[in-house]
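K.L.:
Protein chains: 2
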Amino acid sequence: MTYLPDPKLDLVLERTIPVSPERVWAAWTTPELMVQWFTPSPWKTAKAEVDLRPGGANVITMESPEGEQYPNAGCYLVVEPMRLLVFTSVMGADFRPVSPVNGADDLPFTGRIEIEPTPGGGTHYRAIAMHADESGASRHAEMGFHDGWGAALDQLVALMG
Amino acid sequence: MTYLPDPKLDLVLERTIPVSPERVWAAWTTPELMVQWFTPSPWKTAKAEVDLRPGGANVITMESPEGEQYPNAGCYLVVEPMRLLVFTSVMGADFRPVSPVNGADDLPFTGRIEIEPTPGGGTHYRAIAMHADESGASRHAEMGFHDGWGAALDQLVALMG
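Protein chains in written order, with this note's numbering: chain P, 1 to 161; chain U, 162 to 322.
#1: Would you decide whether Arg53/P is buried or exposed? Buried here means 16 or more other CB atoms lie within 10 Å of its CB.
#2: With H, G and I counted as helix, E and B as strand and the rest as coil, what does DSSP make of Asp255/U?
#3: Under 9 Å between C-beta atoms, does Val259/U make it to chain P?
#4: By the three-class DSSP mapping on this structure, what secondary structure does Glu241/U have?
#5: At a Cβ threshold of 9 Å, is Arg143/P touching chain U?
#6: Please name the residue, chosen from Gly217/U, Leu170/U and Thr284/U, that lies closest to Ile274/U on a Cα-to-Cα basis.
#7: Taking 8 Å as the cut-off, does the stretch 136 to 153 of chain P touch the stretch 9 to 21 of chain P (at least 3 CB pairs, one atom from each stretch)?
#8: Going residue by residue through the stretch 5 to 87 of chain P, where are the continuous alpha helix (DSSP H) segments of at least 4 residues, counting only ones entirely within it?
#9: Does Ala143/P come out as helix, strand or coil in the three-state DSSP assignment?
#10: Using a Cβ-Cβ cut-off of less than 9 Å, give me the residues of the stretch 272 to 294 of chain U that come near chain P, in sequence order.
#11: In three-state terms, what does DSSP make of Ala152/P?
#12: Could you tell me whether the stretch 59 to 68 of chain P touches the stretch 235 to 252 of chain U, where touching means 3 or more Cβ pairs closer than 8 Å?
#13: From what residue to what residue does the beta strand (DSSP E) around Tyr286/U run?
#14: For Asn58/P, does the count of other Cβ atoms within 10 angstroms reach 16, so buried, or fall short, so exposed?
#15: DSSP on Gly272/U, reduced to helix/strand/coil?
#16: Name, going along the chain, the residues of the stretch 224 to 244 of chain U whose beta-carbon falls closer than 9 Å to a beta-carbon of chain P.
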């Protein structure tokens, strides 16, 4: 947990949850579990593809209530089981840069999921979204980062707690 | 050396050189050495800043014959001494995405330096520039990737051989 967030560029969701580090890690890295909690209802996760290694790609396909699918591709950067997962939207498999797919709507960020055991067997959980500049951070905040990532975490706790 | 380049998206410089893997690695990772070979003459490297760890930033400042300086920032992704160095221009320190600084002139790529010992004590050297799309790769080729990276490698061999 040595990373110090930048309040101008980073969005942070920090909470202590009654789920063990092992189960938080499993929820974040197992496709069969990811599809059950990752996307806030009434949207859902249609599919999760995970190649869990630095340089491995992931594709998480979200589905709207109307049934439209939105695949989100990324790349894992740091994989430290039960401790730290870092991934980014600006690269794909083997760290290849991605072209912005959505033009001005594209929101490049790096995600950092920090997991720390608490004395009671739970987890001190910190999720950070890192952006290139202040406009990226404020746009992500306006898009509902805190509500969205918070609601997804509620679903993780309901599933794994 | 398990990475298989994509001929449409990657540019590759591959050569066997009479420099040991230890000295190739040193040339690529030691600021005092980098400034002596990294930029093809008559340009030069004014400064090299290196934080050699996954997520560590680098800034290499090139200088034109007229004395204008051009800093290039990046981030290390894989650091396997004497074997493999992977870095990218699309992130800075702690894997934070970077804003394109040069607009349409910006050339996002990930670099992959593969180092393999040869029986004679030299190195089989493979440098790969990975791009997001074909236009990035062809633009990098037109900018002189092969001549430029080749001339820099000549300078590395002259310095370290």
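Ideal Cβ placement from N, Cα and C applies to all residues, glycine included.
P.N.:
Let me spell this out:
#1: Residue numbering aside, residue 53/P sits at position 53 when the first sequence is read from its first letter. Classification for Arg53/P: exposed.
#2: Translated into positions along the second sequence, residue 255/U becomes position 94. Helix, per DSSP.
#3: Translated into the one-based positions of the second sequence, residue 259/U becomes position 98. So yes, Val259/U belongs to the interface.
#4: Translated into positions along the second sequence, residue 241/U becomes position 80. Here Glu241/U sits in strand by DSSP.
#5: Mapped onto the first sequence, residue 143/P falls at position 143. The residue you asked about is not Arg; residue 143/P is Met in the sequence shown. It does not: the Cβ of Met143/P has no partner Cβ on chain U nearer than 9 Å.
#6: Within the second sequence, residue 274/U is the residue found at index 113, counting from 1. Answer by Cα proximity: Thr284/U.
#7: Result yes; three or more Cβ-Cβ pairs closer than 8 Å.
#8: 21 to 29 and 31 to 37
#9: Along the first sequence, one-based indexing puts residue 143/P at 143. Note that residue 143/P is Met in the sequence shown, not Ala. Met143/P falls in the coil class under three-state DSSP.
#10: The residues in question are Arg273, Met291, His292, Ala293 and Asp294.
#11: For the purposes of this step, residue 152/P is taken as the residue at position 152 of the first sequence. Three-state DSSP puts Ala152/P in a helix.
#12: no
#13: Numbered from its first residue, the second sequence carries residue 286/U at position 125. It spans Thr284 to His292 - the beta strand (DSSP E) in which Tyr286/U sits, taken as one unbroken run.
#14: Taking the first residue of the first sequence as position 1, residue 58/P is located at position 58. With 16 or more Cβ atoms within 10 Å of its Cβ, Asn58/P is classed as buried.
#15: By one-based count along the second sequence, residue 272/U stands at place 111. Reduced to three states, the DSSP call for Gly272/U is strand.
#16: Leu238 and Val239
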